[in-house]
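Residue numbers for the sequence shown follow this note's numbering, so the first one is 7 and each next one is one higher. Just so you know, even glycine gets a beta-carbon here, dropped at the ideal spot from N, CA and C.
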Amino acid sequence: MARLKKLYEETISPALREEHKISNVMDTPRLVKMVINTSIDATRERDKDMLNNISAGIAMITAQRPITTRARTSVSNFRLREGMPLGAKVTLRGVRMYEFLDRLVTVALPRIRDFRGVSAGGFDSNGNYNLGISDQTIFPEIDPDKITTTHGMDIAIVTTAKDRTVCYDLLKRLGMPFAS
Numbered sequence: 007m008a009r010l011k012k013l014y015e016e017t018i019s020p021a022l023r024e025e026h027k028i029s030n031v032m033d034t035p036r037l038v039k040m041v042i043n044t045s046i047d048a049t050r051e052r053d054k055d056m057l058n059n060i061s062a063g064i065a066m067i068t069a070q071r072p073i074t075t076r077a078r079t080s081v082s083n084f085r086l087r088e089g090m091p092l093g094a095k096v097t098l099r100g101v102r103m104y105e106f107l108d109r110l111v112t113v114a115l116p117r118i119r120d121f122r123g124v125s126a127g128g129f130d131s132n133g134n135y136n137l138g139i140s141d142q143t144i145f146p147e148i149d150p151d152k153i154t155t156t157h158g159m160d161i162a163i164v165t166t167a168k169d170r171t172v173c174y175d176l177l178k179r180l181g182m183p184f185a186s
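Shown next as structure tokens:
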């Protein structure tokens, strides 16, 4: 069992129920999934190697093979045609999700230069959190010497929380280092 999952079940879940006065155990906010998404610049010339490098990097970070995202419509100003590959994404659930969140919070985020915490402005009204990372080399699985181009990624954390405050409390208890 993942360390964070065990921590959630033993201490965080009961504390959330008590603090937010939740009587039903099934109404306790929990993590549902994490979506890690990255894309290629639409104006940059696309090559197969760049997409393969991005996919390989995400696969190393998440331990799961990503799917290729493609353009839905054509946009002539960006030299973009329908069906062209744009990036890669991975949806993590269960144990892999908790392990990735644990590595993100304890290892990757503190490796960011001049890190003062993540923004608390990334919450939506449904109780989900979105985080953008500008460089994939903060993860220890990525060898910076083998990287030709750096790319960022978007991380969406989907929860069952009903609003921002409950989601903030859940992620704070899971160890997310929010800026004060």
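A Cβ-Cβ separation of about 5 Å places Pro-72 in contact with Ser-61 under the 8 Å criterion. Rounded to whole angstroms, the Cβ separation of Gly-158 and Asp-141 is 6 Å, and the two are in contact under 8 Å. Annotation for Ala-162: the continuous beta strand (DSSP E) segment containing it runs 159-165.
With the rule of 3 Cβ pairs closer than 8 Å, the segment 103-119 counts as touching the segment 28-47.
Closest by C-alpha distance to Asp-33, out of Phe-184, Lys-168 and Leu-177, is Lys-168. Bridge partners of Ala-94 according to DSSP: Thr-44 and Thr-74. Per DSSP, Ile-139 lies in no alpha helix (DSSP H) segment; the continuous beta strand (DSSP E) that holds it begins and ends at 135-139. In the same chain as Met-182, and ignoring 5 residues on each side of it, the C-beta atoms closer than 7 Å to its own belong to Val-111 and Val-124, in chain order. Remark: C-beta atoms of Leu-107 and Leu-13 do not approach each other more closely than 8 Å. Under the three-pair Cβ rule at 8 Å, the segment 81-96 does not count as touching the segment 140-155.
Residue pairing by DSSP places Lys-39 opposite Val-164 in a beta bridge. Under the three-state reduction of DSSP, Leu-13 is assigned to helix.
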